[in-house]
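Asker: Chains as they are written, first to last, in my numbering: chain A, 1 to 510; chain B, 1 to 510.
Input: one structure, supplied below.
And the structure:
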C-alpha cells in the first residue's frame with residue numbers, strides 16, 4: 001500500500017462515519033459570559049417577574065398540582081385554576097435547585113454535565129416535517145425520524161437526542177412514544193429526552209429507561225438518565241400533561257428543562273423587557289414547582305423568547321431581538337444559579353444563507369450567554385416546522401467551529417515563536433520553517449463542510465455550494481452508519497415491554 | 001388612493017433605493033468588549049512584539065524612511081534596509097497617536113467617528129473579480145466597479161467606500177487612480193480610501209480630495225477627509241509605495257490604517273500567538289513611523305491575522321482561528337489606546353451558507369472585539385478574490401441585524417409591561433392589547449432580505465432562496481440609484497484636473 005493510500009485509509013478510519021470531524025467531547029466554555037444588561041436592569045426584570053407571580057399568578061390546570069402548591073403555602077384560588085405566589089416561597093424553592101448535574105447515557109462516554117462551564121449541543125426536536133434536496137419537504141415519518149437518529153449518533157457535536165428530530169406522524173399517537181423511544185435507544189447511545197405528553201407516556205418511557213440501563217428506582221434517582229422539556233402555555237399557564245411530566249420526573253430526580261415560549265407580541269408583551277419578565281416568572285414558578293415536588297430535583301432554566309413578524313404574526317427566530325433575549329436569559333439563569341438552556345434557530349424556508357446567518361445569530365448568543373444545553377443546534381429550519389438533513393450538516397460545521405473557538409489560545413515561549421520569526425526573518429516565509437513543519441498538520445481547524453479550494457478547482461469539480469455538499473455528506477454518513485452496541489438482554493426486555501404495551505393499546509389520547 | 005396603496009407608497013418612499021432599510025446612522029457599541037485572553041497573556045504578546053522590534057527589526061525599503069527613523073533614534077543598519085527599535089522609541093511614538101478622530105465626507109451627514117464606542121462598516125475592497133448569478137464571475141471592470149459604488153451609496157450600512165470594491169482592470173494602471181477616484185466622488189458622498197500605490201498616485205488623490213472639498217492644505221489637515229490602508233509585507237517589511245503613503249498622509253494629518261497581513265503558517269508563525277506577536281510588532285512599528293513623521297497623526301491598528309489551509313497553502317477566513325485573532329487584536333489595540341480596524345470575511349466560492357456562516361464568525365468577533373472600522377463587511381467572497389453583488393445584499397442584512405443588536409434594551413415601567421400582562425392574563429394573547437397596538441409597527445427589526453413568510457406562501461411565490469432574493473434586490477437597488485449632489489464648480493475643477501493628469505500620462509508604474 002502506498003504512503004498516500006495508507007494516509008487516506010488512516011484518515012477514513014479516524015474520521016469515522018464518512019465525516020471528517022472532531023472526536024466526541026465534553027465541551028467547556030472558558031470565556032466570561034457576555035452580559036449586555038446592567039445588574040440593575042436584571043434586578044428590575046427579576047422584580048417584575050416576582051410581582052407577576054404575586055399579583056397576577058399562574059394557572060395550574062392540574063388539580064393535583066394545585067393541591068401540592070396549596071400545601072406548600074401558595075395562595076390557590078378556590079374558584080379557578082389560578083395560583084399566586086409570595087416571593088419568599090418562589091425564591092426559597094428555586095434556591096434548592098442544584099447548580100449543576102450530570103445526565104448519563106448508557107454509553108458512559110456520552111454522559112454529559114450541565115452547569116458551571118459546560119456547554120452541550122442538541123439536535124433539532126419536534127418539527128412536523130422533514131426535507132432534503134432530493135425528495136423535498138414531506139410530513140414527518142418514521143423512516144426520516146430514524147435517519148435523523150442515525151445522523152445524530154454519527155455526528156459527534158450532536159451530543160443530545162433532544163426528542164423527535166422529526167415527528168414520526170405515521171406511527172399512531174397512542175404507541176408513538178413506545179416505538180420512537182425504542183428507536184432512539186437502538187439507533188443511538190447518547191442522552192435523550194422524554195416528552196411530557198401525559199402521565200402514562202411519561203411512566204412508559206421511564207420504564208424503558210430503567211429496562212435499558214437495568215436500573216431500579218433508586219438507581220435511576222441516583223443517576224439521572226433521561227430529561228424532559230416543559231413549555232408553559234404562555235402566558236402564565238401550565239397544562240395537565242406538562243404538569244404530570246414535571247411531577248413524575250422531579251419525583252424521580254430526572255431533569256426538567258422549564259422553557260416558557262414567550263413570543264413577544266403574541267404570547268408575551270411586544271416589548272422585550274416585558275416578554276423577559278414574563279418568561280422569568282414562568283420559568284421561576286416552573287422550577288419552584290419541581291422543587292416543591294422534590295427538593296433538590298435537577299432543573300434547567302429555559303429561555304425561548306423571540307418576536308413575531310408583526311406583518312404575519314408568525315414567529316421569527318435568529319433575530320436581533322432573539323439574540324438579545326438569549327444573552328439576557330443567561331444573565332437571569334445565572335442569577336438563580338441554575339443551568340441554562342438556549343437554542344440555535346432560524347426562520348428560513350430553505351437551508352440557505354438566511355438559515356445560516358440567523359442560526360449564527362442565535363448560536364453566538366447562546367454560546368456567549370453561557371447556555372449549558374443548546375437545543376435545536378442541528379437541523380432546525382422554518383421556525384421549527386421542518387427538520388432539514390442538509391441543515392443538520394451545515395449546523396454540524398457551525399457548532400464544530402464554535403467548539404474550536406472555545407479552545408483557549410496557548411500563549412507560551414513555544415507558541416510565541418520568536419525563534420521561528422528570527423529564523424525566517426523579514427521578507428521570508430514560514431512554509432518550510434521547522435516550527436511550522438512540526439505543527440502544521442494539527443495547527444488549524446479542519447472543516448467538515450466548508451470548501452476552501454480555489455475557485456477554478458471548485459468550478460471544475462462541479463461548483464457545489466454548501467447546501468449541495470451537505471446533501472452529499474448526510475447521505476454518505478447515513479450509508480456508513482453503524483448502530484451502537486446494546487446489551488442483548490436489555491434489547492429483549494425492551495422489546496418485550498414495548499410489544500406488551502402496544503398490545504395493550506399504548507397510551508390513549510387524553 | 002386606497003389606504004393600502006397609500007401605505008405601500010409611503011413604504012416605498014421611506015424605504016429609499018428600492019430597499020427596506022434602516023436610515024443612515026452613526027453606530028455605537030454599548031456593550032463591554034469581549035476579551036478572551038488574560039491580561040498576562042496580552043502582555044506576553046506585547047513583550048514578544050517589542051523583542052521582535054529590538055532584536056530582529058524590520059526592513060524599511062525606502063531610503064527616505066530609514067533617514068527619518070535614524071534621526072528619530074532607531075538603529076539603522078548601514079549595509080541593509082534593516083531597522084531595529086528600542087522599545088521606548090516605539091512606545092513613546094505610539095503614545096502620541098490620538099485615541100479617536102473623525103473622517104469627514106463632503107456630505108457632513110456621512111462623516112464618521114473612529115475610536116471610543118464608535119463602530120463603522122465598510123464595503124469590500126480590492127478583489128480582482130466580480131460576480132453575480134446572471135453573468136457569473138468575470139475579471140474586474142469599470143462598469144462593475146461603478147455598480148458597486150452605486151450599491152455602496154444606496155445601502156445605508158455600507159458607511160465607507162473602502163477602496164475599489166472590484167479592481168477596474170480595464171482602466172490602464174497609470175490613470176486608474178484618477179478615473180476610479182473621480183467615480184467614487186461622483187457616485188457616492190461617503191468617506192473613501194486612497195490606495196498607497198506610489199507617491200504620485202497618493203499626491204494626485206490628495207489633490208482631488210482638496211478640489212472636491214474646496215480645501216487648502218491647512219483645511220485638509222484640520223479636517224481629515226481621506227484615509228489609506230497600509231499592509232506590511234509580512235513578515236517584518238514595509239515596501240516603498242506603502243511607506244510613501246504613510247509619509248504623505250501622516251504629514252497631512254490624514255488617517256493611516258496600519259494592517260499587517262499575518263497569515264499563520266505562511267507570512268507568520270503557524271501558532272496564533274506567534275502570528276499575533278508578529279502582527280503586533282508590525283502594527284506598532286507602522287503606527288510609530290507615522291507618529292515620527294507627524295506626531296499626533298491619526299492611525300488605526302489593523303488586525304488581519306488568519307490561517308492558511310495547510311493542505312493547499314491558501315488563506316482561510318472566518319475560521320475559528322480568525323475569530324480568536326480578531327478578538328485578541330481588539331485587546332491589543334485597546335492596550336495602545338488607538339482605534340481598531342477588523343474585517344468581515346469568508347473563503348467561500350459562492351454566496352451560499354458557507355459564505356454566511358464564515359462571515360458571521362468574523363463579524364461577531366469584529367463587533368465583540370470593538371472594531372471601529374470593519375472592512376470588507378459587504379460583498380467579499382472567495383478569500384477576497386471576488387466581489388459578489390448577491391453577497392453585498394446578504395452582508396447588508398447581516399450588518400444591519402448587528403446594528404440592531406447594538407441598540408441597548410430599554411428596561412422601564414412601560415417596557416416591563418406589567419399592566420399589559422395583567423390585562424391579558426394567564427392563557428390570553430397579546431395581539432389585541434393596547435400595549436401591543438401602540439408599539440407593534442416599530443417594535444421589531446424588519447429584515448431587508450430574510451423571508452419570514454410561511455413555507456406554503458414562499459413556495460407558491462417561487463421558492464427563492466436568500467441568494468436568489470439578493471440577486472433581485474441588488475438589481476432593483478441599481479435601477480433606483482440616484483447620484484448624490486456634487487457642487488458643479490467642484491465637478492468642473494475635478495474633471496479639469498483629472499483630464500489634465502490623464503493627458504500627462506497619469507502616474508507611470510514604478
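All C-beta atoms, glycine included, are put in the ideal place defined by N, C-alpha and C.
1) Quick one, which of B:331, B:337 and B:381 has its alpha-carbon nearest residue 367 of chain B's?
2) If I measure Cβ to Cβ from residue 346 of chain B and keep anything under 6 Å in the same chain, skipping five residues before and after, which residues do I get?
3) What residue from B:178, B:203, B:213 and B:208 has the CA that sits closest to residue 106 of chain B's CA?
4) Under 8 Å, do residue 512 of chain A and residue 494 of chain A count as touching if we go by C-beta distance?
5) Can you name the start and end residues of the alpha helix (DSSP H) that residue 147 of chain B belongs to?
6) Any C-beta of chain A within less than 9 Å: which residues of the region 69–83 of chain B qualify?
7) Which residues in the same chain as residue 52 of chain A place their Cβ atom closer than 8 Å to its Cβ, once the five residues preceding and following it in sequence are excluded?
8) Within this structure, are the beta carbons of residue 422 of chain B and residue 56 of chain A separated by less than 8 Å?
9) What residue does the beta strand (DSSP E) around residue 119 of chain B start on, and which one ends it?
10) Which partner residues does residue 237 of chain A have in the DSSP bridge list?
11) Between residue 96 of chain B and residue 208 of chain B, what straight-line distance do the alpha-carbon atoms span, to the nearest angstrom?
12) For the structure I just gave you, are there three or more beta carbon pairs, one from the region 450–470 of chain A and one from the region 332–342 of chain B, closer than 8 Å?
13) Got a sec: is the Cβ-Cβ distance from residue 152 of chain A to anything in chain B below 8 Å?
14) For the alpha helix (DSSP H) containing residue 290 of chain B, list its first residue and its last residue.
15) What residues in the region 371–382 of chain B have a beta carbon less than 8 Å from any beta carbon of chain A?
16) How close, in whole Å, do the beta carbons of residue 344 of chain B and residue 363 of chain B come, if the pair is a contact with beta carbons under 8 Å?
17) Is residue 437 of chain B buried or exposed, if buried means 16 or more other CB atoms sit within 10 Å of its CB?
18) Flag residue 501 of chain A as yes if its beta-carbon sits less than 8 Å from any beta-carbon of chain B, otherwise no.
19) Interface residues of chain B around residue 435 of chain A at Cβ under 7 Å?
20) Please decide whether residue 4 of chain A counts as near chain B, where near means a Cβ-Cβ distance under 8 Å.
21) Quick check on residue 233 of chain A - is its C-beta less than 8 Å from some C-beta in chain B?
22) Could you tell me whether any Cβ in chain B is nearer than 8 Å to the Cβ of residue 10 of chain A?
23) Start and end of the alpha helix (DSSP H) containing residue 157 of chain B?
24) Per DSSP, what are the beta-bridge partners of residue 229 of chain B in this structure?
25) Looking only at its own chain, which residues have a Cβ that is under 6 Å from the Cβ of residue 384 of chain B, when we skip the five neighbours before and after it?
26) Quick check: residue 519 of chain A and residue 83 of chain A, are their CB atoms within less than 8 Å of each other?
27) So, is the C-beta of residue 31 of chain A closer than 8 Å to a C-beta in chain B?
28) Helix, strand or coil for residue 300 of chain A per DSSP?
29) Which residues in chain A sit within 7 Å of residue 355 of chain B, going by Cβ to Cβ distance?
30) Measuring only the C-alpha atoms, how far is residue 504 of chain B from residue 172 of chain B?
31) Determine the burial state of residue 412 of chain B: buried for a count of at least 16 other Cβ atoms within 10 Å of its Cβ, exposed for fewer.
32) What is the rounded straight-line gap between the Cα of residue 258 of chain B and the Cα of residue 300 of chain B?
33) Establish whether the CB of residue 90 of chain B and some CB of chain A are separated by less than 8 Å.
34) So with CB distances below 8 Å, who are the chain A contacts of residue 46 of chain B?
35) Applying the criterion that 16 or more other CB atoms from any shown protein chain within 10 Å of the CB defines a buried residue, is residue 1 of chain B buried or exposed?
36) Please work out which residues of its chain come closer than 7 Å, Cβ to Cβ, to residue 141 of chain A, disregarding the five sequence neighbours upstream and downstream, and give them in chain order.
Answerer: By the coordinates alone:
1) Taking each of B:331, B:337 and B:381 in turn and checking the Cα distance to residue 367 of chain B, the smallest one comes out for B:331.
2) Cβ neighbours of residue 346 of chain B beyond the five flanking positions: 317, 318, 355, 358 and 359.
3) Distance check between residue 106 of chain B and each of B:178, B:203, B:213 and B:208 places B:213 closest, using alpha-carbon atoms only.
4) Outside the displayed span of chain A (1 to 510) sits residue 512 of chain A, for which this structure offers no information.
5) Its alpha helix (DSSP H) spans residues 142–154.
6) Within the region 69–83 of chain B, the residues whose Cβ lies closer than 9 Å to any Cβ of chain A are, in chain order, 81 and 82.
7) The residues are 236, 277, 278 and 281.
8) In this structure, residue 56 of chain A lies closer than 8 Å to residue 422 of chain B by Cβ.
9) Taken as a continuous stretch (DSSP letters only), the beta strand (DSSP E) holding residue 119 of chain B covers 118–123.
10) In the DSSP secondary-structure assignment, residue 237 of chain A is bridged to A:59.
11) Whole-angstrom Cα-Cα distance: 29 Å.
12) No, they do not touch.
13) No, no contact with chain B.
14) Where residue 290 of chain B is concerned, the enclosing alpha helix (DSSP H) stretches over 272–293.
15) Listed by position along the chain: 382.
16) For a cut-off of 8 Å, the C-beta gap from residue 344 of chain B to residue 363 of chain B is around 4 Å, short enough to register as a contact.
17) Flag for residue 437 of chain B reads exposed.
18) No, residue 501 of chain A lies away from the interface with chain B (no Cβ there is under 8 Å from its Cβ).
19) Residues of chain B passing the Cβ test: 269 and 270.
20) For residue 4 of chain A, the predicted structure reports a pLDDT of 46, less than 50, and the residue's modelled location is therefore unreliable. The matter cannot be settled from this model.
21) The Cβ of residue 233 of chain A sits closer than 8 Å to at least one Cβ of chain B.
22) Here residue 10 of chain A scores only 42 on pLDDT, less than 50, and its place in the model should not be relied on; the value that follows carries that caveat. It does not: the Cβ of residue 10 of chain A has no partner Cβ on chain B nearer than 8 Å.
23) Looking at the DSSP string, residue 157 of chain B is not in any alpha helix (DSSP H), and its letter there is neither H nor E.
24) Checking the DSSP bridge columns, you'll see residue 229 of chain B partnered with B:195 and B:257.
25) Excluding residues within five positions, the ones whose Cβ falls inside 6 Å are 127.
26) Given a span of 1 to 510 for chain A in the structure shown, any question on residue 519 of chain A remains unanswerable.
27) Chain B, which has a Cβ nearer than 8 Å to the Cβ of residue 31 of chain A, makes this yes.
28) Reduced to three states, the DSSP call for residue 300 of chain A is strand.
29) Under the 7 Å cutoff, chain A gives 353.
30) The alpha-carbon atoms of residue 504 of chain B and residue 172 of chain B are separated by roughly 14 Å.
31) Exposed, because fewer than 16 other Cβ atoms sit within 10 Å of the Cβ of residue 412 of chain B.
32) Going from the Cα of residue 258 of chain B to the Cα of residue 300 of chain B covers about 6 Å.
33) Chain A, which has no Cβ nearer than 8 Å to the Cβ of residue 90 of chain B, makes this no.
34) Per Cβ cutoff of 8 Å: no residues; residue 46 of chain B is ~11 Å from chain A at best.
35) Because residue 1 of chain B sits at a pLDDT of 37, beneath the cut-off of 50, its placement in the model cannot be relied upon, and the following sentence gives the value as read from the coordinates. Around the beta carbon of residue 1 of chain B, fewer than 16 other beta carbons lie within 10 angstroms, which makes this residue exposed.
36) Take residue 141 of chain A, set aside five residues on each side of it, and the residues of its chain with a beta-carbon closer than 7 Å to its own are 168, 169 and 170, in chain order.
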